[in-house]
Amino acid sequence: MSRTWHVIRSHFAHLHSNIQHTIYIVPPSPNSINHTSIPFIYSPTLQLTMAKLLAIFALCLLPALSIAATLTQNPFRLKGRVYCDTCRAGFETSVTRYLAGAKVKVECRDRDSLNLRYTLEAVTDATGTYEMTVNSDHGDQKCECTLVSSPDPECKEPNIGRNRATVILTRNNGMNQNARYANAMGFLKTTPLAGCTELIKSYFAEDI
436 MSRTWHVIRS HFAHLHSNIQ HTIYIVPPSP NSINHTSIPF IYSPTLQLTM AKLLAIFALC
496 LLPALSIAAT LTQNPFRLKG RVYCDTCRAG FETSVTRYLA GAKVKVECRD RDSLNLRYTL
556 EAVTDATGTY EMTVNSDHGD QKCECTLVSS PDPECKEPNI GRNRATVILT RNNGMNQNAR
616 YANAMGFLKT TPLAGCTELI KSYFAEDI
């Protein structure tokens, strides 16, 4: 079989105008007559269209890769404090003591199923401050810091309502800073200090 070129011209409606497509079909060579062979189809217009699609794909992909790199290179620095409510007031007072060696953890859960997706623990320093490095963005997940344990046997009862703190660990909401702060969490002292009654009354003196 002699090698020939067959030119087939066909007109297609392309978007809002007619574009003439020239398709070249190259028949199989004589050497491949005994083998299964698919004719090679070449279209200049098709090549141009594919090039445009690849360019659009690249333009869409590059920003996504840039964002992913930013999230990886800039971890969140999560900070908070843990205290002992020495007056069992339910809030911090002038005699509140901040606990060194208290254990806390952050947990991120799926907002719908509440399945645990991420957890990390930390221990407070001499000032009662803990700090965690969270390397990933947690999008729409629900993230909370919670108390784990107190180093003080006389102040180990978690203060319900102050035993957890919601934290935002995503940049999808427009918060771009790396530092994230959790509200202070506290334990209750078993026996209030002397003078706590008068102290608490002083906080509400203007309401009486």
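Once you know that position 96 of the sequence shown is 531 in our numbering, the rest is easy, because the numbers rise by one and skip nothing.
The C-beta atom is built at its ideal place from N, Cα and C for all residues, glycine as well.
DSSP three-state label for Lys540, please. Working through the sequence shown from its first residue, we reach residue 540 at position 105. Of the three classes helix, strand and coil, the one that applies to Lys540 here is strand, per DSSP.
Pick from Lys538, Arg546, Ala619 and Ala557: whose alpha carbon is nearest that of Thr568? Within the sequence shown, residue 568 is the residue found at index 133, counting from 1. The candidate whose alpha carbon is nearest that of Thr568 is Ala557.
Can you pull the DSSP bridge partners for Lys577? On the sequence shown, residue 577 is found 142 positions in, with the first residue counted as 1. Its beta-bridge partners are Arg544.
Beta carbon of Arg615, beta carbon of Leu551: below 9 Å? Working through the sequence shown from its first residue, we reach residue 615 at position 180. Working through the sequence shown from its first residue, we reach residue 551 at position 116. No; because the gap between Cβ atoms is not below 9 Å, this pair is not in contact.
Counted within 10 angstroms of its Cβ, other Cβ atoms place Lys487 as buried (16 or more) or exposed: Sequence index remark: in the sequence shown, residue 487 carries index 52 (1-based). So Lys487 counts as exposed.
When DSSP labels each residue in this structure, what does Glu566 get in the three-state scheme? Walking along the sequence shown from the start, residue 566 turns up at place 131. Three-state DSSP puts Glu566 in a strand.
Could you compute how far the alpha carbon of Pro510 sits from the alpha carbon of Asp545? Locating residue 510 in the sequence shown gives position 75, counting from the first residue. Locating residue 545 in the sequence shown gives position 110, counting from the first residue. Their Cα atoms are separated by approximately 20 Å.
At what residues does the alpha helix (DSSP H) containing Thr711 begin and finish? With the chain running from 436 to 643 in the structure shown, residue 711 is simply not present.
Straight-line gap, Glu579 to Leu489 (C-alpha atoms, nearest Å): Numbered from its first residue, the sequence shown carries residue 579 at position 144. Numbered from its first residue, the sequence shown carries residue 489 at position 54. Approximately 42 Å between the Cα atoms of the pair.
For Leu623, is the classification buried or exposed, using 16 other Cβ atoms within 10 angstroms of its Cβ as the cut-off for buried? Taking the first residue of the sequence shown as 1, we reach residue 623 at position 188. Buried is the call here.
Measure the Cβ-Cβ separation of Ala619 and Arg597 and say whether it is below 9 Å. Residue mapping note: residue 619 aligns to position 184 of the sequence shown, counting from 1. Residue mapping note: residue 597 aligns to position 162 of the sequence shown, counting from 1. Going by C-beta atoms, Ala619 is nearer than 9 Å to Arg597.
For Leu582 and Ala640, I'd like the C-alpha separation in whole angstroms. If you number the sequence shown from 1, residue 582 lands on position 147. If you number the sequence shown from 1, residue 640 lands on position 205. If I take the Cα positions, the gap works out to 32 Å.
Does the beta-carbon of Asp520 have 16 or more other beta-carbons within 10 angstroms, so that it is buried, or is it exposed? Stepping through the sequence shown from its first residue, residue 520 is reached at position 85. Classification for Asp520: buried.
With DSSP collapsed to three states, give me the class of Ala600. Within the sequence shown, numbered from 1, the residue matching residue 600 stands at position 165. Of the three classes helix, strand and coil, the one that applies to Ala600 here is strand, per DSSP.
Going by C-alpha to C-alpha distance, which of Arg532, Phe526 and Val517 sits closest to Lys538? If you number the sequence shown from 1, residue 538 lands on position 103. Measuring from the Cα of Lys538, the nearest candidate turns out to be Val517.
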